[in-house]
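Trainee: Chains as they are written, first to last, in our numbering: chain G, 2 to 205; chain U, 48 to 182.
Backbone N, C-alpha and C define an ideal beta-carbon position, used for all residues, glycine too.
This is the structure we're talking about:
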């Protein structure tokens, strides 16, 4: 069996990667969100373009907001007396991470897998399976492959429905004690455990 | 931010997941059947360490809330089933492909399909507020 690295290496590395991501992008690490963006590329690129336009011309944005305020409240407020004070404004969420950068991230996840196999052994071995234990449970013919597609559909569907995956909810959410993340993580972990026991029972 | 930063982070995450065995179906299965808790301690440790980081930066950055909404529980359950069957969360599927596990292509196709499918289903059937614009 492969000699995988100890738990504290993984814990430290994952926390560092999350923190570094936050430092450089101002946003939380969450991989299912990256997959989500890939399924609506046109809208995402459009949203990024709009955001860039908004950020680039703060004066125009403020003028537009003042105008909207004027329209909404009319004579009820003296909009001439309103001025936007940057120092008094609360901190803004960081801008969207460029889609192509996230695509690079996803591609490099694969490269990381290859690098891992070099560090632990002889490099990537092309194999038409997911390992012996998987084959013992599901076989290597079409049944197993269909299950992977079906299982993948559940992963994609479920992570988007819950709003996150093991990185988004598990790592970035639970560590901030966010209720949605804590509950989602408990659900996917708990279900994972139940189904895994059921699968193990089916094999033995 | 340098354009190399995100690809580098992806490389770091992919390598880490591979080195600790999170992309190994058997390892994930052993964790989820409590036969080997090593990966669980990875997770707990990572969450704990991240908690310290986030507590330290709490007042300096705006980070989105993650509220409970009607999709939280069913989504988590559905994901859990998929995770147990495929041994993969979205990141892991990509890592597995890099490791040469060609079957990960099936998982990845499913993930993209499922992600896209949910978008359609949510727009047509569900009206709940996820608490953000998904941005």
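By DSSP, does residue 93 of chain G sit in helix, in strand, or in coil?
Mentor: Numbered from its first residue, the first chain carries residue 93 of chain G at position 92. Correct three-state label for residue 93 of chain G: coil.
Trainee: Smallest Cα separation from residue 151 of chain G: which of U:153, U:170, U:176, U:167?
Mentor: The sequence position of residue 151 of chain G within the first chain is 150, counting from 1. Checked all of U:153, U:170, U:176, U:167; the closest Cα to residue 151 of chain G is U:153.
Trainee: With DSSP as the reference, identify every bridge partner of residue 107 of chain U, one or two as the case may be.
Mentor: Taking the first residue of the second chain as 1, we reach residue 107 of chain U at position 60. Answer by DSSP bridge pairing: none, since residue 107 of chain U is not bridged.
Trainee: What are the boundary residues of the alpha helix (DSSP H) that residue 165 of chain U is part of?
Mentor: Sequence index remark: in the second chain, residue 165 of chain U carries index 118 (1-based). Segment 151-172, the alpha helix (DSSP H) holding residue 165 of chain U.
Trainee: With three or more C-beta pairs closer than 8 Å as the rule, is the region 58-69 of chain G touching the region 162-175 of chain G?
Mentor: Cβ pair count under 8 Å is below three, so no.
Trainee: Under 8 Å by Cβ, that's how I've got residue 151 of chain U and residue 160 of chain U pegged, so tell me the actual separation to the nearest angstrom.
Mentor: Position 104 of the second chain, counting from 1, holds the residue named residue 151 of chain U. Position 113 of the second chain, counting from 1, holds the residue named residue 160 of chain U. Actually they do not touch by this definition, with Cβ atoms about 14 Å apart.
Trainee: Nearest to residue 96 of chain G by alpha carbon, out of G:179, G:29, G:183?
Mentor: Walking along the first chain from the start, residue 96 of chain G turns up at place 95. Nearest C-alpha to residue 96 of chain G: G:29.
Trainee: Along the chain, where does the alpha helix (DSSP H) that runs through residue 134 of chain G open and close?
Mentor: In the first chain, counting from the first residue as 1, residue 134 of chain G sits at position 133. Unbroken alpha helix (DSSP H) run through residue 134 of chain G: 133-139.
Trainee: Going along the chain, which residues of its own chain have a beta-carbon closer than 8 Å to the beta-carbon of residue 21 of chain U, five neighbours each way excluded?
Mentor: Summary: the structure shown does not reach residue 21 of chain U, with chain U confined to residues 48 through 182, and so no result is reported for it.
Trainee: At the level of alpha carbons, what is the spacing between residue 137 of chain G and residue 79 of chain U?
Mentor: Within the first chain, the letter at position 136 stands for residue 137 of chain G. Within the second chain, the letter at position 32 stands for residue 79 of chain U. Cα to Cα, residue 137 of chain G sits roughly 17 Å from residue 79 of chain U.
Trainee: Pull up the CB-CB distance for residue 89 of chain U and residue 11 of chain G, whole angstroms please, since I reckon it's below 8 Å.
Mentor: Numbered from 1 along the second chain, position 42 holds the residue referred to as residue 89 of chain U. Numbered from 1 along the first chain, position 10 holds the residue referred to as residue 11 of chain G. With a Cβ gap of about 4 Å, residue 89 of chain U and residue 11 of chain G count as contacting.
Trainee: Buried or exposed for residue 148 of chain U, please, with buried defined as at least 16 other CB atoms from any protein chain shown within 10 angstroms of its CB.
Mentor: On the second chain, position 101 is the one that residue 148 of chain U refers to. That one is buried.
Trainee: Between U:165, U:146, U:75, U:92, which has its C-alpha nearest residue 127 of chain G's C-alpha?
Mentor: Translated into the one-based positions of the first chain, residue 127 of chain G becomes position 126. Considering only alpha carbons, the answer is U:146.
Trainee: Name the residues in the region 83-96 of chain U whose C-beta lies less than 7 Å from a C-beta of chain G; which are they?
Mentor: Answer in chain order: 85, 88, 89, 90, 92, 93, 94, 96.
Trainee: Between residue 144 of chain G and chain U, is the shortest Cβ-Cβ distance under 9 Å, so that the two count as touching?
Mentor: Translated into the one-based positions of the first chain, residue 144 of chain G becomes position 143. No, no contact with chain U.
Trainee: Does the beta carbon of residue 71 of chain U come closer than 9 Å to any beta carbon on chain G?
Mentor: The count along the second chain starts at 1 and reaches residue 71 of chain U at position 24. Interface residue, yes.
Trainee: Out of curiosity, what's the CA-to-CA distance linking residue 15 of chain G and residue 59 of chain G?
Mentor: The sequence position of residue 15 of chain G within the first chain is 14, counting from 1. The sequence position of residue 59 of chain G within the first chain is 58, counting from 1. Their Cα atoms are separated by approximately 36 Å.
Trainee: CB residue 94 of chain U to CB residue 134 of chain U, shorter than 9 Å?
Mentor: The residue given as residue 94 of chain U occupies position 47 in the second chain. The residue given as residue 134 of chain U occupies position 87 in the second chain. In this structure, residue 134 of chain U does not lie closer than 9 Å to residue 94 of chain U by Cβ.
Trainee: With a threshold of 9 Å between beta carbons, is residue 155 of chain G in contact with chain U?
Mentor: Residue 155 of chain G sits at position 154 when you count from the first residue of the first chain. Closer than 9 Å to some Cβ of chain U, the Cβ of residue 155 of chain G qualifies, so yes.
Trainee: What are the boundary residues of the alpha helix (DSSP H) that residue 148 of chain U is part of?
Mentor: The residue given as residue 148 of chain U occupies position 101 in the second chain. From DSSP, residue 148 of chain U is part of no alpha helix (DSSP H); its letter is neither H nor E.
Trainee: Please state whether the Cβ-Cβ distance between residue 72 of chain U and residue 134 of chain G is less than 9 Å.
Mentor: Position 25 of the second chain, counting from 1, holds the residue named residue 72 of chain U. Position 133 of the first chain, counting from 1, holds the residue named residue 134 of chain G. Their beta carbons are under 9 Å apart, which means residue 72 of chain U touches residue 134 of chain G by this criterion.
Trainee: Residue 195 of chain G and residue 131 of chain U - do their beta-carbons sit closer together than 9 Å?
Mentor: If you number the second chain from 1, residue 131 of chain U lands on position 84. If you number the first chain from 1, residue 195 of chain G lands on position 194. Cβ atoms of residue 131 of chain U and residue 195 of chain G: closer than 9 Å.
Trainee: Using a Cβ-Cβ cut-off of less than 7 Å, list which residues of the region 146-166 of chain U approach chain G; keep chain order.
Mentor: Residues 146, 147, 148, 149, 150, 153, 154, 155, 156, 157, 158, 159, 160, 161, 162, 163, 164, 165, 166.
Trainee: So residue 164 of chain G packs on residue 113 of chain U, CB below 8 Å; how close in whole Å?
Mentor: Taking the first residue of the first chain as position 1, residue 164 of chain G is located at position 163. Taking the first residue of the second chain as position 1, residue 113 of chain U is located at position 66. Right, their Cβ atoms sit about 7 Å apart.
Trainee: Excluding the 5 residues flanking residue 186 of chain G on each side, which residues of the same chain have their C-beta closer than 6 Å to its C-beta?
Mentor: In the first chain, the residue the question calls residue 186 of chain G occupies position 185. So the qualifying residues of the chain are 170, 171, 175.
Trainee: Could you list which residues in chain U have their beta carbon closer than 7 Å to that of residue 47 of chain G, in chain order?
Mentor: As a working mapping, residue 47 of chain G is identified with position 46 in the first chain. Within chain U, no residue comes near residue 47 of chain G; the closest Cβ sits about 12 Å away, beyond 7 Å.
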